[in-house]
Amino acid sequence: MKIERLIKMANDISDFFNADSDKEVAAEGVKMHLLRAWEPRMREAIITYAEQDGSGLSDLAKTAVSRLPH
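Using full-length UniProt numbering, you'd call the opening residue of the sequence shown number 1 and step up by one each time.
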């Protein structure tokens, strides 16, 4: 899967959880969704992207991705 697609998906998930006023809860929601719904290769690709650039990710997506285990 192309990284552009993963970025869009991560940002869309973050948009959904961003409705929560508690951004810690929102970040945890995004992280848990990525752990449950994304296969390991997808998670590894978005982690690598976030560590190397990350400019396309929303702030909430960056926070959630940074909390994913390697």
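We treat Cβ as the ideally placed atom computed from N, Cα and C, and that holds for glycine. If you're wondering where the values come from, they're calculated on a predicted model, not measured in any experiment.
Inset, instruction - Give every residue of the same chain whose Cβ lies closer than 6 Å to the Cβ of R67, excluding the five residues on either side of it in the sequence, and list them in chain order. - result: K31
Inset, instruction - Would you check if there are 3 or more beta carbon pairs closer than 8 Å linking the segment 4–15 to the segment 45–56? - result: yes
Inset, instruction - Check each candidate in M42, R36 and A26 and name the one with the smallest Cα separation from S58. - result: A26
Inset, instruction - Give the straight-line distance between the Cα atoms of S55 and W38, rounded to the nearest whole angstrom. - result: 21 Å
Inset, instruction - Given a cut-off of 8 Å, decide if D20 and G29 are closer than it, judged by their beta-carbon atoms. - result: yes
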